[in-house]
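Chains A and B, in that order, are what the protein sequence lines are.
Numbering-wise (my numbering), the first sequence opens with residue 4 and increments by one.
Numbering-wise (my numbering), the second sequence opens with residue 3 and increments by one.
Presented below is the structure to which this report refers.
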Amino acid sequence: MIFKSSEWLKKAGVLGMNRRNAEYIMRCNPRSSFPLVDDKVITKRLAVEFQIPTPSLYHVIEYHKDISGFERVLGEQRDFVVKPARGSGGSGILLITNRTAEGFVKQSGNIISRADLAYHISSILSGIYSLEDLEDRALIEALIYPDQVFAAVTYQGVPDIRIIVYRGVPLMGMVRLPTRASDGKANLHRGAIGAGIDVSKGLTLTAVHGSEVVTHHPDTGNPVNGIQVPHWTKMLLMAARGFDMTGLGYIGVDMVIDKEQGPVLLEMNARPGLAIQLANRIGLWQRLERIDHAPSDIFATPVSRVTWAMETFADSYS
Amino acid sequence: MKRPIILLVEFLLVIPAALITFRILFLGYPLIPAAPKKTWQLSMEARIKGEENQTTLTVAFPYTDGGQRVVEEKITSGTLAFNLLREGPNQIGVWSGRVGKGEEIIGYQATLLVQPQRSSTFTPPTLEPYPENISKEVQTLAGHLVARWNNLEPKARLHAIAASCRGIWGEPRPDDRDLKAWSAWQERHGRVAALLVLLRAVGLPGRAVEGLLLTEGVTTIALNWIEVWTGKDRESLSPWTGKVYEKSTALLPLATDGLPLVRIVHGELLDIQWSLRRQIISQWRIHFERIRQSSHLLDRWSLFYLPSEFQETFRILLLVPIGALMICILRNLVGFPTFGIFMPVLMALAFRNTGLIYGIGIFACFILIGYVARRSMDKLRLLLVPRLSVLLTLVIVCFTAIALFGSKLGLRELMAVGLLPFVILTMTIERFFVLMEEAGVREGLRTAAGTAAVSAITHQILHWEALQLTFFVYPELLFAVAAAQVLLGRYTGYRLLEFLRFRKIRGSS
């Protein structure tokens with residue numbers, strides 16, 4: 004039974020956790036480059052250098068004594084996002100749409116008092132959300148108003164798009180859609196759903212919810228497949244350039260589509276999860292192998308890598 | 003798999019294999035250190051009275067050979083001087099000194115390890131010429147008597163001679179004159195000497211042995227028998243009953259080759275007694291005694307040379323890597339989550355004091371209390387480090403309460419709660435809370451159950467005495483454990499739970 008299951012997963016080209024860690028993350032991602040993606044402040048700086056759009060940074064809070072003064076720095080800006088620089092999985096992120104006398108209006112419409120927000124920031128600084136329980140910094144950046152393309156399949160929150168990039172070649176994508184259960188967070192562990200995206204055309208496929216495959220959004224009831232992702236080729240290019248930015252051979256690039264700016268880079272992940280395979284119902288391993296067997300000239304520029312990927316992976320969606 | 007990995011694994015496996023083979027083949031280590039062994043406690047006690055001159059008492063002691071091993075000896079010598087001599091295979095204790103007017107009690111105690119005979123360590127005796135005091139005539143006479151048996155199998159020859167002890171010479175009977183002359187000679191020199199001459203005449207090596215029957219009890223008289231080598235086996239022949247002992251009869255030889263068992267010069271032996279007691283001594287003792295007697299480098303660098311209180315620690319420590327290996331298996335082969343990486347090992351170590359059932363119970367209790375406390379503390383908005391400190395204080399408060407409770411009930415298991423790893427427990431409470439909040443109740447409980455399961459398995463492994471002993475005697479086995487860990491580290495196949503997770507990938511249905 005075990006042998007048969009193993010053979011079957013291998014044939015489907017599914018990437019397992021052990022292989023991802025040993026053969027891709029450890030082999031392709033030099034440890035010294037991890038801080039480039041683990042710390043969002045550094046990632047943002049890099050993105051600016053490479054002229055990749057990101058949400059504009061208002062302020063970085065590093066010490067507890069600076070918490071009280073952050074509102075002054077914001078000036079007239081009424082909406083913003085608070086996030087830990089080294090957070091993972093979207094934890095510790097707070098979206099504020101407006102400021103009132105009582106406090107701050109969260110995206111859900113609830114109000115968070117000034118004291119509560121200060122406590123939240125102080126929690127971030129003491130490292131609760133950080134990857135290794137280290138002391139952290141809090142980022143205050145521009146709130147993204149997402150393109151309405153996914154509005155019918157989103158429950159509050161901001162849907163984001165994850166593209167896996169291997170040796171600079173984008174190979175698989177999904178859009179993570181918040182649900183009521185995920186509390187507006189685009190995090191699969193918390194109950195958001197992830198819809199696969201046809202790499203060649205930018206059309207959404209079915210989605211994964213937990214470990215189940217679903218065709219409709221659990222809260223809005225609308226079908227998740229067949230949505231054309233705008234700016235798709237541009238996003239593939241941004242993702243492909245993530246490799247040139249960081250030198251990391253195996254990354255997940257997370258982006259959101261802003262109503263006005265178009266796609267912006269949120270963060271990159273040096274240990275991207277495996278659930279994207281369920282969202283696409285296609286194994287990552289088979290595509291990774293195909294990239295390893297690709298002619299070397301396709302790796303020349305981001306454009307050549309994206310073109311190759313869009314052509315090569317078109318056959319998987321018949 | 004890559005070549006350096008294979009080389010490393012081979013290297014890690016060759017070291018223990020070579021060392022263990024060496025120990026077994028050349029240092030006489032047991033193949034399985036934990037095999038049950040019969041041990042006997044022999045004690046001898048003698049009362050002697052002295053004369054004017056210096057009194058000397060010699061007593062034959064048990065010796066180590068293929069079938070038995072003396073692992074521990076203790077001498078009581080009173081005011082006398084004691085000396086240990088070796089004579090051939092024999093071990094002889096010599097007490098000497100002036101006893102004076104009163105009596106002197108001397109004693110000897112030994113622990114004997116009786117093991118199934120190992121032919122590899124036993125060199126078969128060769129047929130030696132007749133002793134000098136046997137005249138040519140006697141040799142010829144004996145030759146006449148046994149002439150008819152010379153063509154028989156060695157075993158049959160032995161049995162024919164045994165029968166002659168009982169006066170059965172078989173048909174055709176030897177010459178009556180020869181028989182008469184033989185019984186006259188036997189009369190003068192004793193049955194044992196006569197039998198030895200007959201055995202020599204049929205070409206069977208034999209020797210006289212004095213010793214004890216290995217049964218529990220006290221005896222004042224030793225037993226005589228003749229040990230005969232039939233080419234394949236050692237047989238024991240009783241000269242008095244003319245019977246060959248069954249193989250199952252265990253005999254303990256003390257003095258051989260005509261050496262007297264006890265001899266006293268210038269004194270009087272008032273009484274002497276031997277007592278034998280079957281004993282269960284721990285495996286640890288046996289190895290300890292054996293290794294202490296050896297002068298080999300590998301033996302002198304044994305863990306048995308540590309003071310006993312540190313030995314205790316190492317018995318457990320040597321098994322901890324196996325616990326870590328279990329965690330590797332559970333996480334990388336099965337894909338089951340645990341809190342922290344080595345938390346289950348620490349829990350398993352603590353369970354040694356509380357016991358498994360109480361340990362798991364207390365663990366569950368702490369997680370529950372901790373969760374409730376952490377939840378209510380969330381509203382207080384304490385900073386990370388102070389918050390963890392509060393949790394730590396709570397854990398210690400619970401320790402105290404449980405210990406006091408245990409003391410009221412007289413339950414040692416509850417009082418041992420203080421040995422649980424409290425820092426780890428505190429961190430686990432925090433992790434459990436975060437996991438419940440972020441990943442949901444199911445994930446939280448699953449991880450808690452995984453942690454408890456690995457702790458329980460690890461505890462059972464650490465508890466296994468045979469394994470403790472094996473690793474203690476052969477600490478080089480740690481390299482083999484490392485080899486398994488290296489191999490697991492390069493396992494890039496699927497985890498068991500991934501079969502379940504990815505069953506919905508295209509092509510499955």
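By construction, the Cβ of each residue, glycine as well, lies at the ideal position given by its N, Cα and C atoms.
As assigned by DSSP and simplified to three states, the class of residue i
i                     : result
residue 279 (chain B) : strand
residue 74 (chain A)  : helix
residue 242 (chain B) : coil
residue 3 (chain A)   : Here chain A has residues from 4 to 321 only, and residue 3 (chain A) is not among them.
residue 277 (chain A) : coil
residue 81 (chain A)  : coil
residue 326 (chain A) : Residue 326 (chain A) lies beyond the residue range present for chain A, which begins at 4 and ends at 321; the question has no answer from this structure.
residue 265 (chain A) : strand
residue 466 (chain B) : coil
residue 249 (chain B) : coil
residue 507 (chain B) : coil
residue 201 (chain A) : coil
residue 234 (chain B) : coil
Minimum Cβ-Cβ distance from residue i to chain B less than 8 Å
i                     : result
residue 15 (chain A)  : yes
residue 20 (chain A)  : yes
residue 325 (chain A) : Residue 325 (chain A) falls outside the range modelled here, since chain A spans only 4 to 321, and no answer is possible.
residue 25 (chain A)  : yes
residue 202 (chain A) : no
residue 192 (chain A) : yes
residue 40 (chain A)  : no
residue 215 (chain A) : yes
residue 208 (chain A) : no
Below-8 Å beta-carbon distance, residue i vs any chain A residue
i                     : result
residue 494 (chain B) : yes
residue 500 (chain B) : yes
residue 75 (chain B)  : no
residue 387 (chain B) : yes
residue 353 (chain B) : no
residue 504 (chain B) : yes
residue 361 (chain B) : no
residue 8 (chain B)   : no
residue 440 (chain B) : yes
residue 377 (chain B) : no
Same chain only: Cβ atoms within 7 Å of residue i, ignoring 5 sequence neighbours per side
i                     : result
residue 104 (chain B) : none
Cβ neighbour criterion (16 or more within 10 Å) applied to residue i
i                     : result
residue 123 (chain B) : Interpretation of residue 123 (chain B) is limited by its pLDDT of 47, a score under 50 that renders its predicted location unreliable; the figure taken from the coordinates is listed afterwards. Exposed, by the Cβ-count rule.
residue 46 (chain B)  : buried
residue 110 (chain B) : buried
residue 504 (chain B) : buried
residue 453 (chain B) : buried
residue 280 (chain A) : buried
residue 20 (chain B)  : exposed
residue 67 (chain A)  : exposed
residue 137 (chain A) : exposed
residue 303 (chain B) : exposed
residue 233 (chain B) : exposed
residue 296 (chain A) : exposed
Min CB distance residue i to chain E below 8 Å
i                     : result
residue 374 (chain B) : Note that chain E does not occur in the displayed structure, where the protein chains are A and B.
Own chain partners of residue i with C-beta closer than 6 Å, once the 5 adjacent residues on each side are dropped
i                     : result
residue 401 (chain B) : 419 and 420
residue 167 (chain B) : 244
residue 199 (chain A) : 177, 208, 282 and 283
residue 221 (chain B) : 276
residue 479 (chain B) : 18 and 473
residue 121 (chain B) : Bear in mind that a pLDDT of 43 at residue 121 (chain B), under 50, signals an unreliable position, so the model cannot answer this.
residue 246 (chain B) : 164, 237 and 239
Opening and closing residue of the alpha helix (DSSP H) in which residue i lies
i                     : result
residue 212 (chain A) : Not the alpha helix (DSSP H): residue 212 (chain A) falls in the beta strand (DSSP E), residues 207-212.
residue 311 (chain A) : 305-315
residue 188 (chain B) : 178-191
Extent of the continuous beta strand (DSSP E) to which residue i belongs
i                     : result
residue 144 (chain A) : 141-144
residue 205 (chain B) : Segment: none, residue 205 (chain B) is in no beta strand (DSSP E) and carries neither H nor E.
residue 70 (chain B)  : 70-78
residue 101 (chain A) : 97-102
residue 62 (chain A)  : 60-64
Beta-carbon contacts of residue i that lie in its chain and below 8 Å, excluding the five residues immediately before and after
i                     : result
residue 314 (chain A) : 203
residue 1 (chain A)   : Because chain A spans 4 through 321 in this model, residue 1 (chain A) falls outside it and cannot be assessed.
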